[in-house]
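Every letter in the sequence shown is one number past the one before it in numbering that gives the first Met the number 0, and letter 1057, counting from 1, is 1056.
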Amino acid sequence: MWIVPYQVSGSGTLWVTERANLHFILQRRKGCGTKGWSSLFVGTLDSVIRDTKPHPYRILHHVEGSESYHIVSEDLTLEGILRNWNWIEKELMSSLADLDESTDVTEFVTTKINSLVAMNRVDTRTFPGLDSNSSSSSETPTNDFEVSQKWFHKTFGIPETEEKLVFYYSCAFWKGRFPYQGWMYLTVNNLAFHYYMWKKETKFLVRWTDVTDVKISNNVVAPESIVLKTREDSFAFSMFLHKKETFRLIQQLVNLAMRRLINENETYKQDMDLLLKHMSDRQKKTGKSASSFVKRDLEAKNLSEQYRLLFPVPKGEKLDGSVDCCLWTPYEKKFKYGKLYISQSFACFQSHVHGVVSLVLPFELIGIVEKADKVIYKSNPEDTIIFQMMEGSSQTTHFKFSSIQNTSWVVDKFNSMIQKYKARKRYTLRDNNNSQLNNDSTQEEELLDPLMNLFKEDVDLTLEAQKEMQWQKYFETYGRGVSMYRTKELSILIIQGIPNTFRSDMWMIFSGAIHEKLTNPGYYSKMVRGSLGKKCQANEEIERDLHRSLPEHPAFQNEIGIKALRRVLSAYALRNPLIGYCQAMNIVTAVLLIYCPEEDAFWLLVAICERLLPDYYNTKVVGALVDQGVLEDLIRDHVPDLHKCLTDLGMVQMISLSWFLTIFMNVLHYQTAVNIMDYFFFKGARGIFQLALLLLVKNKKTLLECKDDGDAVCEMNNFFKKVIRDDPDFESAGTLSPDIPQCFTMPSLLMECHITFPKIKRDVIEKLRLHHRLKVVQYLEDTQRCNVIRSVLSSTSLSQEELKAIYDIVKNEQLRRAVSISATMIEEKEQQHLPNANRKSDPYCDMYKSDYDAFRLILDRVAPWGEGGFGIKNSSMSPQTRNFQPEVANMLTERLFRLLDDDKDNLLNFKELVQTVDILCYGDHVQKLKLVYCLHLPGVILPGELDTPDSIDGAEVAKEAAGFFSFANKSVNDLASDISKDFKGTSSPTLEKKGDSSEDEDDKSHLYPFVSYKSLYDCILEDESRSQIKKLPSLPQKHFYELWKSLYSMFSNCAELDEAKADEYCRSISVVNTLLLQIGEVGHQVRKLTSSSSREDEVNDNGHPETPPIPLWSVTFEQFLASILKETNLVEFFDKKVDVIDALENML
């Protein structure tokens, strides 16, 4: 491949010159293509010392008399480098002969090579499907990363379309006490390691979904190593140049895998905007190295996640960049230093000192961004920009930021992003208007205002008025609405409690739900229309819990409140079918409806379930279990003496699940717990952790004295009875010593936890969540696997270890399917409830299903027509090499899959799969022959399969059989009498219908109702008595030819058999088929004579003798089995057992 020329000093001591001319030298890396010490030494040196492996071949440009060289071409193969060398000699050398000056020669060569590199890049972008052998192939690597990516796919045998390389690092793998220096390759789905030293090669793959723990360990054997643990093994890596970067990237990939296990639709998706930008950057770069787009994309996603932790913005918001600056605070007349962030729809500011001040400025409210006017802002206006707000959108008309570098670029960037946002909004509004016009005919149910307006709250009106005055004063000073200045004073007001009149607006702003509501006008009404009256499991569960939601409130003893609650919960279940409905959602939603309009309650529920408490309300409450582990860590760090006591009592799980799921609504009166809701929407999940820790600290003495978990729960319940809503004296609310003896006000508790645990921040919680998510998800996976295996254990003879191996393959293939499907297909899956969106009521065996690709991969290794027939272990041969006719094997597998797929959803459940594997691996020769026979019956073979061009004609079959084996122990006449006796006592579906003929046999498939999994499985496992065997339908002539073709393809030209053995099998097949051809022909003649004699006296309507139809040519399974039993080697072949774990080893 051509590369951008770059200079090197000298031609290299580790290189051998193969060819040379006046201006160019072709070199080979020492040891490449040779054996001996030089090959071992150079190969080891390249693997251990160098950052990147050099190409084994290169072309240098050299001017006589000069000591400098320019590398112009590199390649992995001799053919590739010779192609470029020949081009140089034919096309370039003649042009260089006319140049006299060495500088002119070098300039001409570099310009020409640069143009070739540019042409290759253009061809790659314009024609991505070019053949890899063409001169401008898209397969040609153009930098070190692409070379390493190509090397990775080649070394580990993984197609480029199935795996994305993120990055690679040089490191040491510790095996025992000895380090193996090699290369770690990180991909989206796997960690791979390759080591080569002194002719010894080691390579392995670790799936991220198998990782149970990842940490940095420091011990004597492997100092400062990154350790990955799986269920079966542990892997330690050290000697990294960039250890922190590697560890952070590994953590992110593991976290992505865990999220995929929680929700298989949550796969890695490329950011298309970033991809276009990346391609644009690549066109501008002319250097040799380039980074991985996937790595860059993951880093961008990580930064966006951190951004979303800082500010209440929608879940899909992507960070574009940030800049250090100072914000002018008009209430203090000072600048506050911090960072200004820009994303798709927001400009946000966070002070350097956490909690001092923050801003959220939606582009919706910004009119224009401009430089400061020199007249108005005389103090250094060059580094100052002004955000002019839309008229009437905010109490604050503008926001000023200073100390910004490259002010012009920042201003242009903001204005460009704002214009893009407003253009997107226009399209969104147009689509929403069209949608509303289409739904005008649908009568909408009137949405409710807050229920507290209809059912009056029992509150202290004086206290509420005092709070309203405090909040009005804050609004006058710091602004009101989304763009208000959020300061420490705001935190104090929220701890004291938001007045009921402002609560809905403040909850919407602090949670960020207001942005999703404004972006999706009419969405809630649409969900309500689509959900009400719909019969589904979620709606049934909602109906059961409606009257158990805050029964103490009069609104939920009335149909008004019940209907509103039903609408919100049903609408959310329709919006997010992966969650649907979970208990505790009804309690939280009921409280939201009391203080918020109905539509606001819906969007607040969306914010809680999808952003603030992620994964809390799915079928396994994974998020709550993860936060249980986080709480344990926080207790151990802050209250170590209490940690052991609570662990022994098993108390942490009970409190985390009940307190966190309902946000304390189940242990406190809702009027008291609503203050916690205020704090929660402002602080996020960390507010719940702070309060939970404080409650445990306050009850530390009594908890240490408890003897069991029952005593601990009683003590905590007694404490909650002492917690009241507000201090009667509002001015003293928030102090640590409430005036009421033996009681605690909620504001005082919130203030105390706010002061006591300031170090519990969102980023700390997220790091702990990452660690515990790994443990919880893998524990749930182990439990799920045990349940699935237990559900099928009684219906198969496979061992638990074999079932685990099959389960792991099905699970991994299911995850692979989820990665490969598009977002549109994901939505369709959610609607259709395919295995990636399993319902709670599904049997365990239906939770993991195999598609045809996974089924084929397994059968290729265990079926008689695959590797299993010859006991091939870990074969790397292609089907084309293993078998003369691989399409026959694929056709048999496809027929079996079609037959097993009873519900026609193109998926087999786990039970169907393992029972099939059981028969193929441990069934006897009769069961396997029954299966093969049944796969060729009418109704199983589709009519089109008989008409394929490669179908064998009957005359050719007979001729080939006679050629292989020309003897017959009995003539047709000798066999006739014996077979006719058998047919007289045989009841076959083939003979029960009148008018059967060879001409219309393809139209008689309906006579064979043998097309279901259960009937096939029962038939194969039935006893081998003569009466049971005779129940199988007969095989017509064309179907018999297909059967012979299948048997012949199992042995012909198989590379795993020597020639003599293959000939022996083919000879036996020919004997069997010749005999069956004769039997079928005799039976055909006998039935023809019998039918003619029985209908001689029959006349038609015209009085003429009835012409009898020609009976169907056929053979029975009894005849087929008897013929096979005469050939011992065929019986031994079908009796052969296949070790499931050995056969599937390469797939695990």
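For glycine and all other residues, C-beta sits at the position ideal for the given N, C-alpha and C. Please read these numbers as outputs of a predicted model, since none were measured by experiment.
Handout entry: Backbone secondary structure at residue 551 - three-state DSSP
Key = coil
Practice task
Kindly indicate which residue of 66, 27, 62 and 363 has the alpha-carbon position closest to the one of residue 53.
Solution key: 27
Practice task
Identify whether residue 779 lies in helix, strand or coil by the three-state DSSP scheme.
Solution key: helix
Practice task
Report yes or no: do three or more beta-carbon pairs, one from the region 459 to 467 and one from the region 487 to 499, lie closer than 8 Å?
Solution key: yes
Exercise for the section: With residue 672 as the anchor, note down where its beta strand (DSSP E) starts and where it stops. Expected result: No beta strand (DSSP E) contains residue 672, which is instead part of the alpha helix (DSSP H) from 669 to 682.
Practice task
Output yes or no for whether 8 Å exceeds the beta carbon distance between residue 59 and residue 107.
Solution key: no
Handout entry: Proximity to residue 1065 [Cα-Cα], best of 906, 272, 452 and 1128
Key = 1128
Handout entry: Check whether residue 662 and residue 672 have beta carbons under 8 Å apart
Key = yes
Exercise for the section: Below 8 Å CB to CB, which residues in the same chain sit around residue 693 once its five sequence neighbours on both sides are set aside? Expected result: 748, 751, 752, 755 and 756
Problem - Three-state class that DSSP yields for residue 187 in the structure shown - result: coil
Problem - Beta-carbon proximity list for residue 512, same chain, < 6 Å, skipping 5 on both sides - result: 602, 603 and 606
Exercise for the section: Could you tell me whether the Cβ atoms of residue 918 and residue 928 are closer together than 8 Å? Expected result: no
Exercise for the section: Could you name the residues of the same chain whose beta carbon sits closer than 7 Å to that of residue 449, not counting the 5 residues immediately before and after it, in chain order? Expected result: 503, 593, 594, 595 and 596
Exercise for the section: Report yes if the CB atom of residue 253 is closer than 8 Å to the CB atom of residue 210, and no otherwise. Expected result: yes
Exercise for the section: Could you say if the region 888 to 901 and the region 1108 to 1122 meet the contact criterion of at least three C-beta pairs nearer than 8 Å? Expected result: no
Handout entry: Straight-line gap, residue 177 to residue 232 (C-alpha atoms, nearest Å)
Key = 17 Å
Practice task
Note down, in chain order, each residue of its chain lying with its Cβ closer than 7 Å to the Cβ of residue 705, except the 5 sequence neighbours on either side.
Solution key: 648, 711 and 714
Problem - residue 309 - containing alpha helix (DSSP H), residue span - result: 292 to 309
Practice task
Measure the Cβ-Cβ separation of residue 420 and residue 362 and say whether it is below 8 Å.
Solution key: yes
Handout entry: Contact between the region 324 to 335 and the region 411 to 420 (3+ Cβ pairs under 8 Å)
Key = no
Handout entry: residue 113 and residue 226 closer than 8 Å at C-beta
Key = no
Exercise for the section: Identify the continuous alpha helix (DSSP H) that holds residue 720 and give its terminal residues. Expected result: Where residue 720 is concerned, there is no enclosing alpha helix (DSSP H), given that its DSSP letter is neither H nor E.
Problem - For residue 352 and residue 528, the rounded distance between their alpha carbons - result: 47 Å
Practice task
Evaluate residue 241 with the Cβ neighbour count: other Cβ atoms within 10 Å of its Cβ, from every protein chain shown; 16 or more gives buried, anything less gives exposed.
Solution key: exposed
Practice task
Could you pull out every residue in the same chain whose Cβ sits closer than 6 Å to the Cβ of residue 1135, ignoring the five residues on either side in sequence?
Solution key: none
Handout entry: Alpha-carbon spacing of residue 388 relative to residue 676, whole angstroms
Key = 31 Å
Practice task
Tell me residue 340's beta-bridge partners as DSSP assigns them.
Solution key: 321 and 347
Handout entry: Bridge-paired residues (DSSP) for residue 203
Key = 192
Exercise for the section: Verify whether the separation of the beta carbon atoms of residue 865 and residue 775 is less than 8 Å. Expected result: no
Problem - From 523, 1137, 940 and 654, residue whose alpha carbon lies closest to that of residue 719 - result: 654
Exercise for the section: Go ahead and pull the three-state DSSP assignment for residue 658. Expected result: helix
Problem - Where the beta strand (DSSP E) through residue 569 begins and ends - result: Residue 569 -> not in any beta strand (DSSP E); alpha helix (DSSP H) instead, spanning 558 to 574.
Exercise for the section: Compute the distance between the beta-carbons of residue 725 and residue 650, then report whether it is under 8 Å. Expected result: no
Problem - CB-CB length for residue 572 against residue 537, believed under 8 Å - result: 4 Å
Exercise for the section: Report yes if the C-beta distance between residue 913 and residue 797 is below 8 Å; otherwise report no. Expected result: yes
Handout entry: Distance, residue 186 Cα to residue 87 Cα
Key = 38 Å
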